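Read through the structure below, which is laid out as structure tokens, and then see the notes.
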DNA sequence: AAATCGGGGAT
DNA sequence: ATCCCAGATTT
């Protein structure tokens, strides 16, 4: 009892955050000003074209909108509007309704999502679509029933319910936290669960029962365009008169609007190191059939289900010899490529390093290009693949440039392309051919 | 409560 | 470099 009191979150004046609420005077002002502003300033976004409101009575059309809102909201989790637009359009073109999506494969979905990040979201979307369609096809229409679907949490449930079905429920995302923290000058840690709970309570007070979907979008739109994290445009803000952070900043020089919400320091990333080998197979005789080897990552964990160049996670910073040894072992165990077999190394060269930064990992990749000449060609790998669970495929140059790839793999491929470009610029064709045939070919 | 899970744009 | 984005799930 005592302990929980001590930890209780407070607002700027040291008061109890649970005592903060919107008065009956400010609520209608905020609703009216915000909706008026939103009607004038809302961005024209693809998922808004279908979801304008309450006047469509046909169930089918309404559920079509709900599906579009669902897809957009999941894509928008921790992801900027600008990034989502193209992915959303491609997705809706391929799977216009939940019934189309329910028939898709996880492989198709993964490729469509490639580059967008947080790949669990895509898997949950597919699983949710199958669940709904196979369970009778009725789209869940309330926030509480929506939350039963994997990948739909508090925010997304509120967003779909209010935008597609006009349920009077709030949403709280990063924008809403910021807007409300400033409106009420809440200096408590915004990551603290008690603070989050109370911001939900405040958002619930505000949401306009006449236009819940538009109101929720208005708050988020304000947070994204006016009440921004670093440089809010208070002079153009429609609810600046209700903003306590702005008011405090005017009466106290040591206070700024951007002090709200409180900044939370994040943990440093773990440091990982990997050896990446871009394996290019050159078939005997036909130079045009040069192909790259891609392997599929496990369907759980980091970058689940995504394709990548063969790579090995290293113990730490490793020297060239150790990295090559690790790659050799990987290729032998996964594909039976080893010294006894009749393959030739046409080229093995270090391309460079690339540091890829995730939210919680800082991965330094050592990239090499490994051109192999196989007498049996690609079929060689086919025969040796039975002993492993590794899923792999070959992709030619053209396909690689259009394929859905994660950002890191795309970057590595660009390094390879650049390397090859430089090499062919600096070496005449004749020299290249001679060097390959006379000097660089070694036994594995 | 803390860790996991991407990627990119703005500063 | 750092922040943070229309977050959710797992541990």
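In our numbering, the protein residues as written are -19 to 424.
Note that the Cβ used here is the ideal one computed from N, Cα and C, for glycine as well.
If you're wondering where the values come from, they're calculated on a predicted model, not measured in any experiment.
Within the stretch 250 to 304, no complete alpha helix (DSSP H) segment of 4 residues or longer occurs.
Shown here, residue 106 sits in a helix according to DSSP, grouped into three states. According to the DSSP secondary-structure assignment, residue 11 is paired through a beta bridge with no residue. Annotation: the stretch 91 to 148 contains the following complete segments of the alpha helix (DSSP H) (minimum length 4 residues), in chain order: 100 to 114, 123 to 126 and 134 to 145. Of the residues assessed, residue 200 falls on the buried side of the cut-off, its CB having 16 or more other CB atoms within 10 angstroms.
The C-beta of residue 122 has fewer than 16 other C-beta atoms within 10 Å across all chains shown, which makes the residue exposed. Contact check between the stretch 335 to 344 and the stretch 386 to 405: three or more CB pairs, one atom from each, fall below 8 Å, which counts as touching. Under the three-state reduction of DSSP, residue 38 is assigned to coil, being neither helix nor strand. The residues 244, in chain order, have a CB closer than 6 Å to that of residue 171 in the same chain once the five nearest residues on each side in sequence are set aside.
Closest by C-alpha distance to residue 402, out of 376, 342 and 331, is 331. Nearest in C-alpha terms to residue 189, of all of 173, 176, 50 and 146, is 146.
Counting only residues of its own chain and dropping the five nearest sequence neighbours on each side, residue 191 has a CB closer than 7 Å to the CB of 15. Assignment of residue 354 by DSSP, reduced to helix, strand and coil, places it in the strand class. If you look at residue 79, you'll find it isn't in any beta strand (DSSP E); it sits in the alpha helix (DSSP H) that goes 78 to 82.
In the three-state scheme derived from DSSP, where H, G and I count as helix and E and B as strand, residue 343 is classed as strand. Residue 89 places its beta carbon 9 Å or farther from that of residue 26.
By the CB criterion at 9 Å, residue 235 and residue 163 fall outside the cutoff.
In the structure shown, the three-state DSSP call for residue 405 is helix.
In this structure residue 194 is buried. Its beta-carbon is surrounded by 16 or more other beta-carbon atoms within 10 angstroms. Apart from the 5 residues on each side of it in sequence, residue 286 sits with its Cβ closer than 7 Å to the Cβ of 90, 94, 99, 277 and 386 in its chain, given in chain order.
Between the stretch 73 to 85 and the stretch 138 to 155 there are fewer than three C-beta pairs closer than 8 Å, too few to call the two in contact. Distance from the Cα of residue 71 is smallest, within the candidate group 225, 106, 24 and 38, for 106. Contact annotation: residue 185 and residue 2 have beta-carbon atoms nearer than 9 Å.
For residue 162, the three-state secondary structure derived from DSSP is helix. For residue 325, the uninterrupted beta strand (DSSP E) run begins and ends at 323 to 337, by DSSP. Contact between residue 254 and residue 291 holds: their C-beta atoms lie close to 5 Å from each other, under 8 Å.
Between the alpha carbons of residue 169 and residue 176 lies a gap of roughly 9 Å. If you look at residue 177, you'll find it in the alpha helix (DSSP H) that goes 173 to 186. Distance from the CA of residue 318 to the CA of residue 354, rounded to the nearest whole angstrom, comes to 12 Å.
Where residue 74 is concerned, the enclosing alpha helix (DSSP H) starts and stops at 61 to 74. Residue 294 places its beta carbon less than 9 Å from that of residue 303.
By the criterion of a C-beta distance shorter than 6 Å, residue 311 is surrounded in its chain by 317, once the five residues flanking it on both sides are discounted.
Cα atoms of residue 173 and residue 101: separation of roughly 23 Å, rounded to the nearest angstrom. Between residue 378 and residue 288, the alpha-carbon positions lie close to 16 Å from each other. For residue 372, same chain residues with a beta-carbon under 8 Å away, outside a window of 5 residues either side, are 273, 274, 275, 276, 314, 315, 361 and 365 in chain order.
Bounds of any beta strand (DSSP E) do not take in residue 378; it lies within the alpha helix (DSSP H) bounded by 377 to 382.
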